[in-house]
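Numbering (the UniProt record's numbering), first residue to last: 1 to 202. In this text, a Cβ means the ideal position worked out from N, Cα and C, and glycines have one as well. Fair warning: this is a prediction, and the values are worked out from it, not measured in the lab.
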């Protein structure tokens with residue numbers, strides 16, 4: 001994050017390789033500003049990077065001769081992102097307290113939740129989304145401290161892990177961040193300020 005670059009580290013390597021950014025903090029297309037998440041798009045062989053300091057999502061080809069990326073989405077405080085079926089990005093927008101669905105190749109955005117608060121149709125600094133094959137969206141609601149879930153046709157979220165309010169009991173989180181859901185529906189949550197990873201069965 002604070003080195004403003006993406007590092008590739010292969011198995012058995014003793015040194016990593018800068019593959020995006022690495023030219024200091026800035027807003028040029030060869031620079032990043034506190035990147036927070038990255039995913040690999042195998043179809044285009046490129047990296048998709050959250051660049052929140054520049055309010056953008058950038059695409060950076062993995063070719064070794066690449067010297068800069070291109071802006072994929074602008075004016076978005078992206079913190080985390082995930083991809084569904086190589087058709088949609090789901091992006092957490094910490095400025096608008098929303099999870100936004102973005103169709104690849106289409107500039108239209110579908111806002112999932114968009115007002116800061118603690119009710120079930122609100123988020124407070126959402127950080128990392130996850131989407132399964134049914135397009136059920138999970139998101140770590142960092143400012144409210146639980147993990148939320150919303151099915152594709154639902155009008156509001158449900159709390160799927162944790163409870164409102166931070167704490168260190170096994171039923172609570174303290175600023176949850178990265179999440180993963182396996183094929184059985186078990187959640188794995190990086191519980192940042194409790195310095196632990198929690199497994200939460202379905």
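For residue 127, report the span of its beta strand (DSSP E) as first-last. Start and end: 126-131.
Please report the straight-line C-alpha distance between residue 187 and residue 131, rounded to a whole angstrom. Those two C-alpha atoms are separated by around 12 Å.
Segment limits, beta strand (DSSP E) that includes residue 177: Under the DSSP assignment, residue 177 falls in the beta strand (DSSP E) whose first and last residues are 176-181.
By DSSP, does residue 192 sit in helix, in strand, or in coil? The answer is helix: DSSP assigns residue 192 an H, G or I state.
Just tell me which of 143, 26, 148 and 65 has its CA closest to the CA of residue 56. The residue with the shortest Cα to Cα distance from residue 56 is 26.
In angstroms with no decimal places, state the Cα-to-Cα distance between residue 1 and residue 177. So the alpha carbons of these two residues sit roughly 15 Å apart.
Within its chain, find whatever has a CB closer than 6 Å to the CB of residue 38; leave out the 5 residues flanking it on each side and keep chain order. Counting only Cβ-Cβ distances below 6 Å, and skipping sequence neighbours, we find 6, 47 and 49.
Cutting at 7 Å between CB atoms, please list the residues of its own chain near residue 30, excluding the five before and the five after it. Take residue 30, set aside five residues on each side of it, and the residues of its chain with a beta-carbon closer than 7 Å to its own are 23, 67 and 68, in chain order.
Which one of 78, 70, 45 and 40 has the shortest CA to CA distance from residue 53? It is 78.
Which first and last residues belong to the beta strand (DSSP E) in which residue 138 is found? Taken as a continuous stretch (DSSP letters only), the beta strand (DSSP E) holding residue 138 covers 137-141.
Excluding the five sequence neighbours on either side, which residues of its own chain have a C-beta within less than 6 Å of the C-beta of residue 190, listed in chain order? When the five nearest sequence neighbours on each side are left out, the beta carbons in the same chain lying within less than 6 Å of the beta carbon of residue 190 are those of 177, 178 and 197, in order along the chain.
By alpha-carbon positions, which one of 84, 36 and 76 ends up nearest to residue 95? For residue 95, the closest alpha carbon among the candidates 84, 36 and 76 is that of 76.
State the DSSP-derived secondary structure class of residue 52, mapped to helix, strand or coil. In the displayed model, residue 52 falls within a helix according to three-state DSSP.
Helix or strand or just coil, what does DSSP make of residue 92? DSSP places residue 92 in strand when its eight states are reduced to three.
Integer-rounded CB distance, given that residue 59 should sit under 8 Å from residue 40: With a Cβ gap of about 11 Å, residue 40 and residue 59 do not count as contacting.
Residue of 137, 147 and 166 minimising C-alpha distance to residue 153: Taking only the C-alpha atoms, the option nearest residue 153 is 137.
Please go through the stretch 56-92 and give each complete beta strand (DSSP E) segment of 3 or more residues, from N-terminal end onward. Runs of the beta strand (DSSP E) inside the stretch 56-92: 56-61, 70-74 and 78-84.
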